[in-house]
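Using full-length UniProt numbering, read the sequence shown as starting at 1 and increasing by one per residue.
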Amino acid sequence: MTDKLIIFDTTLRDGEQSPGASMTKDEKLRIARLLERLKVDVIEAGFAASSNGDFECIRSIAGAVKDSTICSLSRANDRDIARSAEALADANSARIHVFLATSPLHMEKKLRMTPDQVFDQAVSSIRFARNLCGDIEFSAEDGYRSDPDFLCRVFEAVIKEGATTINVPDTVGYAIPELYGEFIKNLRERIPNSDKAIWSVHCHNDLGMAVANSLAGVKIGGARQVECTINGLGERAGNCSLEEVVMAIKTRKDYFGLDVNIDTQHIVAASRMVSQTTGFVVQPNKAVVGANAFAHASGIHQDGVLKARDTYEIMRAEDVGWAANKIVLGKLSGRNAFKQRLQELGVEMESEGEINAAFTRFKELADRKSDIFDEDILALVSDEHASS
Ligand code: KIV
Ligand code: ZN
Numbered sequence: 001m002t003d004k005l006i007i008f009d010t011t012l013r014d015g016e017q018s019p020g021a022s023m024t025k026d027e028k029l030r031i032a033r034l035l036e037r038l039k040v041d042v043i044e045a046g047f048a049a050s051s052n053g054d055f056e057c058i059r060s061i062a063g064a065v066k067d068s069t070i071c072s073l074s075r076a077n078d079r080d081i082a083r084s085a086e087a088l089a090d091a092n093s094a095r096i097h098v099f100l101a102t103s104p105l106h107m108e109k110k111l112r113m114t115p116d117q118v119f120d121q122a123v124s125s126i127r128f129a130r131n132l133c134g135d136i137e138f139s140a141e142d143g144y145r146s147d148p149d150f151l152c153r154v155f156e157a158v159i160k161e162g163a164t165t166i167n168v169p170d171t172v173g174y175a176i177p178e179l180y181g182e183f184i185k186n187l188r189e190r191i192p193n194s195d196k197a198i199w200s201v202h203c204h205n206d207l208g209m210a211v212a213n214s215l216a217g218v219k220i221g222g223a224r225q226v227e228c229t230i231n232g233l234g235e236r237a238g239n240c241s242l243e244e245v246v247m248a249i250k251t252r253k254d255y256f257g258l259d260v261n262i263d264t265q266h267i268v269a270a271s272r273m274v275s276q277t278t279g280f281v282v283q284p285n286k287a288v289v290g291a292n293a294f295a296h297a298s299g300i301h302q303d304g305v306l307k308a309r310d311t312y313e314i315m316r317a318e319d320v321g322w323a324a325n326k327i328v329l330g331k332l333s334g335r336n337a338f339k340q341r342l343q344e345l346g347v348e349m350e351s352e353g354e355i356n357a358a359f360t361r362f363k364e365l366a367d368r369k370s371d372i373f374d375e376d377i378l379a380l381v382s383d384e385h386a387s388s
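As structure tokens, then:
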């Protein structure tokens, strides 16, 4: 088993399935180039058979982005798969991603197919895809709500046909971390040829557990690919967020023992680009990329961080592309943070008494005004000088 975790970004495919998040070809190309700079291993550029527009997006990304594998989604039929292969023709490294639902609910109500028919279609589609591309992913849609015996049968057969990645999606975000991890572990243990494929997780965030479930799929289940999106964009409540899963793997390498290729310095830029392109605002308290993710407001925290950043920071703002962490001055701030800001603003005070007086005025102001800007502090200090 490799100790590298493959990062598969689906911002341009599953992310675009967010209602209101559709992107133009130029926008997708710009994002794909940034994902390449981020050193994403696999970029799912779209679903070639879904529209001519999506086909063209994949084609232009495959022609322009050379350092990441470019992937196109396909239903499990020859027409979709051939269309993906055509769109990917110029890629340096291409992957065809074939999906077919395997849960009783989806097979009976949506596909109106028997399990045997689904089995046969899965096998024949992978046989067809394998003749067009050496890198084939098979996803059992609604995999987590599928019967494990049936999944074992399907996965064993598609691996025999040449599928190189096996994905177990939690399509509706129903999983619980430990149970999802055990589910994948159990499949891998039962399937005789399971080590011939890389196992992958694809989790939706309907119960807010997409990142936790993905990490459990990795740690407990032994998955070595995580499917994710920038800012957790995606169908309904979204997908596992790339920035969170990557920083969890990096920050807790002591626990996961895995490496990722991602150049984390570009994370904030990618988050901003996706947010600006889609119009989906990132909440301020969003982990890693929210405006407050590295901001300290309380006096005790500010004092701690000014003495030693590790007191309240488990990762560095600069490592994910922020210019620096932030000490936010307000009514909860302490004297130490205030004094530090005066120094940064080039204000020299002659005595501790003068600083104390300015600090008292600052606290009075902060009780009346929620946002204190540097200009407020400068005004307050010049008043202080004027009145002394
Ligand atoms: O959520 C899902 O099951 C998917 C598949 C197509 C992988 O997006
Ligand atoms: Zn999905």
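Built from N, CA and C at the ideal position, the CB exists for glycine as well.
Exposure of residue i, with buried meaning 16 or more beta-carbon neighbours within 10 Å
i           : result
Y180        : buried
A323        : exposed
residue 430 : Shown here, the chain extends from 1 to 388; a query on residue 430 therefore has no answer.
A291        : exposed
D374        : exposed
L352        : Looking at the sequence itself, residue 352 is Glu, so the reference to Leu does not match. It counts as exposed.
T278        : buried
S139        : buried
R112        : exposed
A89         : exposed
S22         : exposed
S51         : exposed
I58         : buried
I300        : exposed
D170        : buried
S214        : buried
T311        : exposed
G53         : exposed
S388        : Caution applies to S388, whose pLDDT of 47 falls short of 50 and renders its modelled position unreliable; the value that the coordinates give is listed next. Burial call: exposed.
V281        : exposed
R224        : buried
M1          : Residue confidence for M1 is low, a pLDDT of 48 falling below 50, so the modelled location carries little weight; the figure read from the coordinates is stated next. With fewer than 16 Cβ atoms within 10 Å of its Cβ, M1 is classed as exposed.
K28         : buried
R83         : buried
A91         : buried
A64         : exposed
E344        : exposed
R79         : exposed
residue 420 : Residue 420 falls outside the range modelled here, since the chain spans only 1 to 388, and no answer is possible.
Cβ separation of residue i and residue j, assumed to be a contact under 8 Å, to the nearest whole Å
i    : j    : result
E227 : V211 : The Cβ separation is near 12 Å, so there is no contact.
G143 : V168 : 4 Å
A163 : I191 : That belief does not hold up - the Cβ atoms of A163 and I191 are roughly 12 Å apart, past 8 Å.
D303 : N336 : 5 Å
A101 : E141 : 4 Å
E313 : S271 : Not confirmed; about 19 Å, so no contact.
L380 : A358 : 7 Å
F294 : K253 : About 20 Å; that fails the 8 Å criterion.
S72  : A45  : 6 Å
L332 : A297 : 5 Å
I184 : G222 : 7 Å
Any non-hydrogen atom of ligand 2 closer than 6 Å to residue i Cβ
i    : result
D254 : no
D206 : no
D54  : no
D14  : yes
Residue i: CB within 6 Å of a non-hydrogen atom of ligand 1
i    : result
E141 : yes
H202 : yes
D80  : no
T11  : no
T171 : yes
F99  : yes
Cβ shell of residue i (< 6 Å), same chain only, five flanking positions each side left out
i    : result
D135 : R95, T164
I43  : D9, A32, L35, S68, I70
I377 : none
K39  : N261, I262, D263
A386 : For A386, the predicted structure reports a pLDDT of 49, less than 50, and the residue's modelled location is therefore unreliable. The matter cannot be settled from this model.
V245 : V211, S214, V226, C228
Close-in-space but distant-in-sequence residues of the same chain around residue i (CB under 7 Å, 5 per side omitted)
i    : result
I249 : L5, F256, L258, V260
G234 : D14, G15, Q17, S18, H204
C152 : L187, R190, I191
K110 : A101
F150 : T102, P115
A85  : I96, L132, C133
Nonlocal neighbours in the same chain, by C-beta distance under 8 Å from residue i, ignoring five residues either side
i    : result
R37  : D263, H266
E178 : A216, I220
N193 : E156, I159, K160
S275 : N231, V281, V282
L306 : I327, N336, A337, Q340
G321 : T264, Q265, H266, I267, V268, A269
G20  : T278, G279, F280
P148 : F183, N186, L187, R190
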